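Protein chains: 2
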Amino acid sequence: MSKYAIGVDFGTESGRAVLIDVATGREVATSVYSYQNGVIDEKLPIPGKEILLEPDWALQDPEDYIRTYQNTIPAVLRESGVDPADVIGVGIDFTACTMLPVKANGTPLCVLPELRENPHAWVKLWKHHAAQPEADKINATARRLNQQWLDRYGGKISSEWFFSKTLQILDEAPEVYAAADRLLEAADWVVWQLTGVETRNSCTAGYKAIWSKREGFPDKSYFAALDPRLENVIDTKMSRTIIPIGQCAGGLTDQAAAWTGLKSGTAVAIANVDAHVAVPAATVTEPGRMVMIMGTSICHMVLGSEEHVVPGMCGYVEDGIIPGLFGYEAGQSCVGDHFAWFVDNCVPGSYEREAQTHGIDVHQLLEEKASQLQPGESGLLALDWWNGNRSVLVDVDLTGLLLGATLATKPEEIYRALIEATAYGTRIIVETFEENGVPVNELVGCGGLPEKNKLLMQIYADVTGREIKVTASKQTPALGSAMFGAVAAGRTAGGYDSILEAAQHMARLKDETFKPIPENQKVYDQLYAEYVRLHDYFGRGGNDVMKTLKRIKAEVKLNA
Amino acid sequence: MSKYAIGVDFGTESGRAVLIDVATGREVATSVYSYQNGVIDEKLPIPGKEILLEPDWALQDPEDYIRTYQNTIPAVLRESGVDPADVIGVGIDFTACTMLPVKANGTPLCVLPELRENPHAWVKLWKHHAAQPEADKINATARRLNQQWLDRYGGKISSEWFFSKTLQILDEAPEVYAAADRLLEAADWVVWQLTGVETRNSCTAGYKAIWSKREGFPDKSYFAALDPRLENVIDTKMSRTIIPIGQCAGGLTDQAAAWTGLKSGTAVAIANVDAHVAVPAATVTEPGRMVMIMGTSICHMVLGSEEHVVPGMCGYVEDGIIPGLFGYEAGQSCVGDHFAWFVDNCVPGSYEREAQTHGIDVHQLLEEKASQLQPGESGLLALDWWNGNRSVLVDVDLTGLLLGATLATKPEEIYRALIEATAYGTRIIVETFEENGVPVNELVGCGGLPEKNKLLMQIYADVTGREIKVTASKQTPALGSAMFGAVAAGRTAGGYDSILEAAQHMARLKDETFKPIPENQKVYDQLYAEYVRLHDYFGRGGNDVMKTLKRIKAEVKLNA
């Protein structure tokens, strides 16, 4: 009798459940629930009330997560006809850092009538960017107190991360901070809702909350220096018990069974993060192979058996991706977003009409035209910093550069140059890992871009000089979550005893791969050398014109 | 009784006659003739023959110039009702270097049946760009032989200029070179056709044919080193008698009187160049005030009482613009062309539709949106090198750069940054003149841009920190030519004895001027400092990436 696991992937706009055959990894049924309240970035979804949010805010409604369970899991059971008794485990993955304040029993503060109208009582979504002053304070304090853990995060804590958001609550809504018995990742909260057990996973704790297996959290003295009221934040609002991913969080409660149609007691895995859970789903459970989650941005993940400080990465966490290994993460903040910006702002009406005539979209038209070009033919070179540089410079104040344009330059040449720039950015990341003791022999792509843009994939292979494989599943995070669900169930229940074992049976790559073309590599090696020279000149202090322009811009806005 | 002069402006696509009241400069009548054969850049206009031209060729038909006389002058007489006896003088201006080979009696070789099918027998238009190998040889030979005159031309002779075109004829069609009794500027040829007298003007000789009042042409030994067959080119095909502009070339022949309806013997001025003749028409006859002819490119002209070598200008010629003064010329090769490229290649369909809705063109829409922005607000900075850099770097291999883009960057911000970049380019030219002893206190704009784009004019005033005045006439070259026609006639005939006198009476500026706004200047001074730093880094050898990219591009095309 076949056994099944369900992976639930909580995204930015929707949640998705996928029911998977544990023996083969076959995706049997999928269901998507669009969050009723979506991303809350203008006003709180309280009927009859006009509670507006400041710029850069981005919230979610925790009840949307429960509704995701209630809608999608019954749907995949229905669609597949699978007997709930044959579903042996459930895993979830989430965006991160997405966090919320709750009462001791798990009740989100935003459902309490007395706090519902306070924006700080709601879930702060990963892309809530209003905590930059708090992040600045966290970094300045860490540097002042010479906190060694800063090195693990490329020297900088992001405004998106856990303590930046926590400190913003404390700064701006001390009453919410005071009312919160617990502060936690939404990832852990949704597992809590299934199991009735509060757990904290090693992945979000490590990457987003400055925790490490060997050193734990920063000292109380550090938190006290940040704000005296934060001194005991770990012991009073969080937990020092961090569970490695790959463990079982508990069994489904009766209530959760009623929501989902699954059996009470069904194993539920410790929570995970969308990007990280994709790694074993991309067949990667060992060092040397980098997974690239390629969408609006790129997240690069690679495993290592040793601890290395690699300059400019986003973080590295022991047990962060695969138990027993160091999970290294780097990123590029502007990839698919870059091409979308270009299509929205820089492609002439004549191209729109040409695309329409051919019944394709403008992206496809540009890809077709750009495919006709040889590497180096456009004479263009770009720095892919339209949204700053995450790795390896870790500098949000860098901006884009396009060089080499002439009166004969065509839109498809600029488009291709932007793709190439992101490929050079990936090559710098790969080379930085290798120079610092973390080998990268092969690339595995997943996410939306590998499906949509073969030109881009070939350029990445040519530029990095590495073969790129692509995951067979288009729903890698959900597959990865289901794999962890099967591991939570264990072999005796028909699952697996380790994520390595699960990956061997459930994760697959496509047969088609992208291999570097030697003549292209030769040209790209020359262009890459020029890219690196510009990268270092503008990115490492040779010419701070990008920051100067941002400063002037800020002054102009201030005086306006 | 009023007296009149006619100016004929021979352009790239058409010729224009303007009849002007000598006492006031009032434009009484205008007539435009579109050349029947226009710019000949695909095939020779010989019915029944397919004689194709190579890329980069651009020819004209000399018979179109005669047709211009035959059509436009009768038309302005008719339209104005002026008695031909009251037209005291005619002046012409031409594009340059636009040159042709002719027989001793002035017959163009291209009208001879035996040479008509040879493209080299036709007029080579200023923008004929196929003589680059010859220009390279001229420059290399000059450097090898340490020719001091190179300094007068910013260190480089252009492929557009007289001896580049001459050498191309010799290289590729020695039979045409041999058949030519005379090689001359079309400007001088059209004066010859009116007067029956072959003259050569100091403006084209100086700016385009390496002549100077004090040193004459390069030595025979230089021409012999270039090609032994060229040793006696000046004495056998040209002339050492160069007449300063402002003189009378002769009186109208009976034949020309029949073509035009004017009286035989009417005074005809020595030929002039469109840009240079505009200077007195812009009221400038003294040092210290720079005229900018602002269209697809900008031509900057300023007068000086002393001789100075200014690095990176296009040339300086004694008597080149105003008799008795040194005429200094500099230029930017990409201004209106730049905005046209942007509108054609980078403005989204949504903007086209918005412009349509408002009943304006896309340029106007962009100008309106860009006008809403404060200096510095976009965070963008560009180098205006989409078509190389004419002054002060004299380097056609430089290319464009745009820096500072983010995902929030809008088309109008880029548009404004491109305008600003050309303004910084003008400021560098102005400052280079001043640093080298040629003062520039005020700017006078003429040409198409000052009429069309007030935002641009204000930005130029803010960036250069100088008031910009604008000519009242929209037909400055034709007005200037008419002024020289009035000078050729002289005071006794009802004209003027000098171009200074003519300018006092006939040239006018608009009342509206563009004055620098101090708060804008403050921001632009900061941005300009950043522009200069990038300009010098990429333009003076700090990083030759633009040339490297061009080299790679050329290699890729060669291997394709």
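So the protein lines, in turn, are chains B and Z.
Here the first sequence stands for residues 1 to 560, numbered as in the working numbering.
Here the second sequence stands for residues 561 to 1120, numbered as in the working numbering.
We treat Cβ as the ideally placed atom computed from N, Cα and C, and that holds for glycine.
Just so we're clear, the structure is a prediction, and the values are computed from it rather than from any experiment.
Classify residue i as helix, strand or coil using the three-state DSSP reduction.
i	result
Asp955/Z	strand
Phe484/B	helix
Phe94/B	strand
Ala529/B	helix
Ile611/Z	coil
Pro1078/Z	helix
Gln60/B	strand
Phe570/Z	strand
Pro673/Z	coil
What does residue i pair with, by DSSP beta-bridge criteria?
i	result
Glu878/Z	Phe886/Z
Glu185/B	Met99/B
Glu442/B	Arg289/B
Gln571/B	In this structure chain B extends from 1 to 560, so residue 571/B is not present and cannot be described.
His860/Z	Met852/Z, Ala890/Z
Thr471/B	Leu509/B
Ile1132/Z	No answer is possible for residue 1132/Z: it lies beyond the span of chain Z, which begins at 561 and ends at 1120.
Tyr564/Z	Asp581/Z, Val647/Z
Leu403/B	Leu381/B, Leu961/Z
Gly948/Z	Trp946/Z
Cys808/Z	Ala829/Z
Gly776/Z	Ser772/Z
Could you tell me whether any Cβ in chain Z is nearer than 9 angstroms to the Cβ of residue i?
i	result
Ser378/B	yes
Val463/B	no
Tyr528/B	no
Gly349/B	yes
Val394/B	no
Cys603/B	Examination of residue 603/B is not possible in this model, given that chain B is present from 1 through 560 alone.
Val39/B	no
Thr409/B	yes
Thr476/B	no
Gly400/B	yes
Ala405/B	yes
Val545/B	yes
Using 9 angstroms as the limit for Cβ to Cβ distance, is residue i near chain B?
i	result
Lys1113/Z	yes
Gly1055/Z	no
Trp901/Z	yes
Asp897/Z	yes
Pro1076/Z	no
Trp946/Z	yes
Thr628/Z	no
Lys1110/Z	yes
Tyr1097/Z	yes
Going by other Cβ atoms of all chains shown within 10 Å of its Cβ, with 16 needed for buried, is residue i buried or exposed?
i	result
Gly815/Z	Reading off the sequence, residue 815/Z comes out as Gln, not Gly. So Gln815/Z counts as exposed.
Gly448/B	exposed
His358/B	exposed
Gln596/Z	exposed
Asp188/B	buried
Gly437/B	exposed
Gly1055/Z	buried
Ser2/B	exposed
Does the stretch 333 to 352 of chain B come close enough to the stretch 418 to 427 of chain B to have 3 or more Cβ pairs within less than 8 angstroms?
-> The stretch 333 to 352 of chain B, when compared against the stretch 418 to 427 of chain B, does touch it at the 8 angstroms Cβ threshold.
Taking three-plus beta-carbon pairs below 8 angstroms as touching, is the stretch 817 to 834 of chain Z in contact with the stretch 651 to 663 of chain Z?
-> Because the criterion of three Cβ pairs below 8 angstroms is met, the stretch 817 to 834 of chain Z and the stretch 651 to 663 of chain Z touch.
Can you find at least 3 beta carbon pairs, one from the stretch 370 to 378 of chain B and one from the stretch 480 to 494 of chain B, that sit closer than 8 angstroms?
-> Taking a cut-off of 8 angstroms on C-beta distances, the stretch 370 to 378 of chain B does not touch the stretch 480 to 494 of chain B, as fewer than three cross pairs fall below it.
Three or more C-beta pairs below 8 angstroms linking the stretch 1096 to 1106 of chain Z and the stretch 1025 to 1042 of chain Z | Short answer: they don't touch.
Is the stretch 615 to 623 of chain Z touching the stretch 575 to 584 of chain Z in the sense that three or more CB pairs, one from each, lie closer than 8 angstroms?
-> No contact exists between the stretch 575 to 584 of chain Z and the stretch 615 to 623 of chain Z.
Say whether the stretch 395 to 411 of chain B touches the stretch 426 to 445 of chain B, bearing in mind that this needs 3 or more beta-carbon pairs closer than 8 angstroms, one atom from each stretch.
-> They do not touch, by the three-pair rule.
Evaluate contact between the stretch 182 to 189 of chain B and the stretch 96 to 108 of chain B, counting only Cβ atoms and requiring at least three cross-stretch pairs below 8 angstroms.
-> Yes: the two stretches touch, three or more of their Cβ pairs being nearer than 8 angstroms.
Is it true that the stretch 851 to 865 of chain Z meets the stretch 812 to 826 of chain Z, where meeting means three or more beta-carbon pairs spaced less than 8 angstroms apart?
-> Too few Cβ pairs lie closer than 8 angstroms, so no.
At least three beta-carbon pairs within less than 8 angstroms, the stretch 144 to 157 of chain B to the stretch 105 to 125 of chain B = Between the stretch 144 to 157 of chain B and the stretch 105 to 125 of chain B there are fewer than three C-beta pairs closer than 8 angstroms, too few to call the two in contact.
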